[in-house]
Structures are given as structure tokens and as C-alpha cells.
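Here the structure comes first, spelled out in C-alpha cells, and everything after it is commentary.
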Amino acid sequence: MKVFNTYTRRKEEFIPVAPGCVRMYNCGPTVYNYATIGNFRAYVFADVLRRTLEYFGYAVTQVVNITDVGHMTSDADEGEDKMAKAAREQKKDPWQVAAFYTEAFFRDIAALNIRPAQEYPRATAHVPEMIAIIERLIAQGHAYVVNGNVYYDVSTFPGYGALSGNTLDQLNAGARIEINPEKRHPQDFALWKQDARHVMQWDSPWGRGFPGWHIECSAMSVKYLGEQFDIHTGGEDNIFPHHECEIAQTEGATGKRPWVKYWMHTRFLLVNGQKMSKSLGNFFTLRDLTEKGLDPMAIRYVLMSTHYRQPLNFTLESVEAGREAIRRLKDFRTRLGEASAAQDNPALEEALEAGRRGFEAGLSDDLNTSAALAALYDMVREVNKLTLSRADAQRALALLERFDSVMGVLSGSEESLDAEIERLIQERLDARKRRDFKTSDRIRDDLKARGILLEDSAGGTRWKRA
RNA sequence: GGCGGCGUAGCCAAGUGGACGAAGGCAACGGUUUGCAAAACCGUCAUACGGGGGUUCGAAUCCCCCCGCCGCCUCCA
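Taking the working numbering, the leading residue of the first sequence gets -9, the next gets one more, and so forth.
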């Protein structure tokens, strides 16, 4: 399997630190509001990556952080923090805000069929670990204390800028924030801050304050995954400064390099070809979309069917296309369930094998889900041409299930019909036996109006929801 | 101002020098099948890859210019 490593800017063969095991950290939500469809692109990507690694036989340990410490709303190290702002606006205390949106996040990822990670560490529960790392950084000469604030001295870490491609010179040239006189270098960043206005405060060796913006991910990833692990993911906007600073912190504290072997970042999502923004009216949370009647599985399909390093243009039409594509796969599954030929079909093996090869080749090539799906649909078409036995169908179904262990779009509760609809379907069957097509068509139309579609096949009548 | 990316049919989207006479999905239109439908299958649907130059025996793929969109340069997935 090859993956594109942001750090080296090329596709590399994926070789885990420990054979057979993958340890992965995904940058998770800041829980001061509902996550947007753009956020979910990154989470669905991480989920598909995890599922792909499991498909290929790796045991994956996945950690997703929950950022429940407020970061600042403004560019500089001042202003109101986001948790405080949300709390004020919602007339709640910040801890309630965090709890509320953390719960919303878990409901949303469940709706998108995102598999639960092993750990969801919350930043507020790991302040002692953050303090411990900061102390190590101070001891190693990577950090300094000024007036109860602790800053990272970027000049002590030669690799600073390697991930993003920035150099300190360039950053200085592009600096748009006011220089903080406490800092030795403009690019130094805060590890621990004091500010009486901040609503969440903890005691520390440097006085009462709160942790800096990047330290939580260093502390929590090391705690749960060790000082060196395989994969770290996030949105492309995390590359700088967030991930850049994390590397400086973690490698500076542990002295071990590389902290993370493969960095993988998702591109941004556009809505109707434009950046998602409230003023354009194209700013969507998951619940905004489901309230419009869109199926979360169709949304997942759209998010996972475009290669993660390409811009994704999210449109309502694309969600409809996703819904219909899922329906095609489910119809395929239904037809397989009805297979009843007396003899096995010798042509099946080749069709399945070609599908499997294509699907795996796509995933192996830096998670090229578009290519993998194309192979799947080619296989569906080939298999649909064949007359299959029960045993044949079982083999095809098993492969489809295996593919869906990566896609995650076909699962869904088995639906049932109420007794009245069951009765109408039977009534229609009786009418058809009498060749009373007027009655049978009327019943079919009635049920269609109620969202139940009927299809007559050789084996009988089947139904599905519109 | 500096750095990086994208622009492929009505829509979504692979492909990044020769098997492209451009995957796949959705939509649409013809046909087979069906009592009629649906599903399924077959066929049609980009002489064309934002526009213009150039390199090459050969370019959607490389180079240059232009247009549009997006990201980063200490809030952001």
C-alpha cells in the first residue's frame, strides 16, 4: 500500500513502525459548535483509511482528540476564547457547551457510520500530561518562561518548517500579527498562557493559566500511541501551524525522530464550487442536511467517493447521485439473494477476481477510492449478466460485504413493513394471479405514493423504500 | 506581498507523457426483457480534458502566459 506523505511530499510505501500494527492519530473536533460537512470530510477520510488498513489485515489503534479547551477567536494571543464566546451566546458555562457538542459529535459520526476509535481523549482531562511535556521542553532548553507564560523557542528546533515547507525567514516576511514583546522570536508559540479573562484555568508550575493551542495533541498522542507512531491525519489547514508546532513540541521533548512516520491531510470541501461560508448560505452541518431529508449514508458516499487529496465539490445533486449509487449496490445485493440456478457458473470466479484486484489496487494507491469504486461497479455489471447458483451468490455477497467493510455505505437496519402494507402486497399478488391488472396496478400506485416500491421478478414480488 | 493546489461530459469524478479511439457513478435518450412497470442487460451521450502558445515522433498529462476557483502565511477539517 502506498500513501502520500505530506512531510516528504511524495507517495511512499506504507511500512508500519511495528509489523502488522498501525497506530493512528486523527485531529478531531473543537466542541464549541456543531461540526460541518467540511469537518466530516476529514473524519470520513480517517475512517476509510482505518477501514482500509483493517481490510489489508492490520490491527489499527486509532485515537481521535476532542478539543474542549477554548482557543482564541482572534489571530493574536488575545481576545475571547471560542468556548467562552459560545458559552456567552448560548447562556451556558463552557463545560456544558463542550459536553453538548461532544455528544452531538458522537451522534453525527454514528449517523455517518464512522467506526468508533479506541480512544477519544479530551484536552481538559489531560492538562497534567501537557504540563509534563512543557516541563520536559523547558528542561531541554526548547522553551522559556516569561511572566508566567511559557513559549517554545523555534530557533532551537532546526526542523521547524519542514512539514509545511515554510522557513523562518519566509514566515517573518509574511508575518501579519503584531510582535509579542515577550517572545524571543516572532514565530515562538505559546505552550502555557496566563490570562485572567480565560474561562477555563488550571494550576501549573508557572501559575494559574491554560494550555497553548498545540500542546494537547502532543501530550495525548504520546500518552495513547507512544513516542513514535505511524499516521497522523487532519485537514490541510492543520499543516501549519498546528502540525508544524506539534512536531517541534513532541520531537523536542522526546528527542525521538520521527514522531510521526506518515502525515496525511485532506483537501478542503467546496459547496457548489464555493468555499463554505455563512454569508453564501452554503454552510452546512450534518443535521442541516438530514433535516432536508438527505440520507447520511448518501452523504458518506459523496465524502468517500472523491480522492481525499482532491478538492471535493459537494452539491445536492451529488448527494442524490450517491443515494442512487447505493441503491444500485443494494439492488445488486437483493438480486444475489434471489439466485437459484441449479449449477454453479464457472464465469463467476473471473468476474469476482477482477473486481477484487481492481478494488484493492485502487485502495492501495494512496486510497484512490474513485478507482476502487469503478472496479466495484465493473464487477457488479459483469456479475449481473450471469445466472448464479446459491453458492455462487454467497461468494459474491461475501465479497460485496468485504468491500463494504471499507465503504461502509450498505449497512443499515433491516426494515420491516407494517401489517396493512403486507396485506396490500398479498392482495395485489392475488389480483395478478387472476390477471386483474387494474386492481394490481392500483395497489402498486397506492403503495408508491406511500413510499413503497414494488418490483415483480421471476421469484415473486419484492419491495423497497423510495 | 510570499508559498502551494485545482479547473475533465448536464452533474459528481478517476486518469498526470504512448494500451486515452478519456474509467466509474448519477441524470437523459433508444432497445431487450416485463401483462404494464421496476430491476437487470445492450446501445447512445466529451474529435475532447478552463483559454492561448510551446516542447515532443506522441500531451488531459511537461513548459510559458492568461482566466477562474481553493488552501496556508499563528481561529479553522
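By construction, the Cβ of each residue, glycine as well, lies at the ideal position given by its N, Cα and C atoms.
I believe residue i touches residue j by the beta-carbon criterion, under 8 Å. Please report the beta-carbon distance rounded to the nearest angstrom.
i: V396; j: L366; result: 10 Å between Cβ atoms; not a contact.
i: V59; j: A113; result: 5 Å
i: G149; j: I237; result: 7 Å
i: M14; j: D227; result: The Cβ separation is near 20 Å, so there is no contact.
i: L407; j: W453; result: 7 Å
i: L153; j: T51; result: At roughly 23 Å, the Cβ-Cβ gap does not stay under 8 Å, so L153 and T51 are not in contact.
Applying the 10 Å Cβ sphere with the 16-neighbour rule, what's the burial state of residue i?
i: D143; result: buried
i: P322; result: Looking at the sequence shown, residue 322 is not Pro but Phe. F322 is buried by the Cβ-count criterion.
i: A383; result: buried
i: F274; result: buried
i: G155; result: exposed
i: R424; result: exposed
i: P6; result: buried
i: E241; result: buried
i: A332; result: exposed
i: K173; result: buried
i: F427; result: exposed
i: Q191; result: exposed
i: N29; result: buried
i: L259; result: buried
i: G245; result: exposed
i: A186; result: exposed
i: T324; result: exposed
i: P19; result: buried
i: P111; result: buried
i: A388; result: exposed
i: A76; result: buried
i: L443; result: exposed
Taking residue i as the reference, which of the options has the closest Cα?
i: S208; options: I99, T(-2), V53 and F273; result: V53
i: Y291; options: V309, G283, A180 and K454; result: V309
i: H132; options: R440, I415 and T146; result: T146
i: S295; options: R313, T280 and L279; result: R313
i: Y33; options: G224, F4 and Y24; result: G224
i: E330; options: L181, G151 and A448; result: Inspection of the sequence shows that residue 330 is occupied by Ser rather than by Glu. Looking at the Cα atoms, A448 is the closest of the given residues.
i: G202; options: H175, K428, Q218 and Q239; result: Q239
i: E217; options: A8, H297, E79 and P118; result: A8
i: G283; options: C235, F90 and L306; result: L306
i: Y22; options: T57, D394, D220 and A351; result: T57
i: I415; options: E405, L400, G398 and D436; result: D436
i: G398; options: A386, R418, P106 and D408; result: P106
i: E410; options: T429, R440 and A381; result: R440
i: A381; options: G327, E372, E340 and A180; result: G327
i: F46; options: E372, D355 and Q86; result: D355
i: G199; options: V212, G10, A180 and Y214; result: A180
i: F304; options: E234, N374 and R31; result: R31
Please report the distance separating the alpha-carbon of residue i from that of residue j.
i: I27; j: D83; result: 26 Å
i: D285; j: L319; result: 15 Å
i: L376; j: K438; result: 30 Å
i: A288; j: T157; result: 42 Å
i: D65; j: K183; result: Only weak support exists for where D65 lies, its pLDDT of 35 falling under 50; the value from the coordinates is given anyway. Taking the straight line joining both Cα atoms gives about 15 Å.
i: R432; j: A311; result: 29 Å
i: T458; j: W253; result: Residue 458 is absent from the model: the chain starts at -9 and stops at 456.
i: A364; j: F349; result: 8 Å
i: E247; j: G197; result: This sequence places Arg at residue 247; Glu is not what is there. Distance between the alpha carbons of R247 and G197: 31 Å.
i: T63; j: E93; result: The predicted model places T63 with a pLDDT of 43, which falls under 50 and marks its position as unreliable, so this point remains unresolved.
i: I128; j: P231; result: 21 Å
i: V(-7); j: R347; result: 18 Å
i: R126; j: A243; result: 6 Å
i: M210; j: W249; result: 13 Å
i: D334; j: M369; result: 18 Å
i: R488; j: L270; result: Outside the shown range of the chain (-9 to 456) lies residue 488, about which nothing can therefore be said.
i: G402; j: R97; result: 15 Å
i: I104; j: L39; result: 11 Å
i: A524; j: T280; result: No statement about residue 524 is possible, as the shown extent of the chain runs from -9 to 456 and does not include it.
Cβ of residue i within 7 Å of any heavy atom in the ligand ZN?
i: P118; result: Only the bare structure without any ligand can be found here, which leaves the ligand ZN out of the picture.
Subject >> Continuous alpha helix (DSSP H) assignments of at least 4 residues falling wholly in the region 99 to 154 >> reply: Taking only runs of at least 4 residues, the alpha helix (DSSP H) segments lying wholly in the region 99 to 154 are 117 to 129.
Exercise for the section: Only counting runs of 3 or more residues, tell me where the beta strand (DSSP E) segments fall wholly within the region 290 to 366, in order along the chain. Expected result: 302 to 304
Note to self: Give the list of continuous alpha helix (DSSP H) stretches no shorter than 4 residues that lie fully inside the region 176 to 217.
What the structure shows: 205 to 215
| task | Report the residue ranges of all alpha helix (DSSP H) runs contained in full by the region 208 to 266; include only those spanning at least 4 residues, in chain order. | result | Here the runs fully enclosed are 234 to 244.
Q: Write down every uninterrupted run of the beta strand (DSSP E) in the region 389 to 456 whose length is 3 residues or greater and which is fully enclosed by it, in chain order.
A: 442 to 447 and 450 to 455
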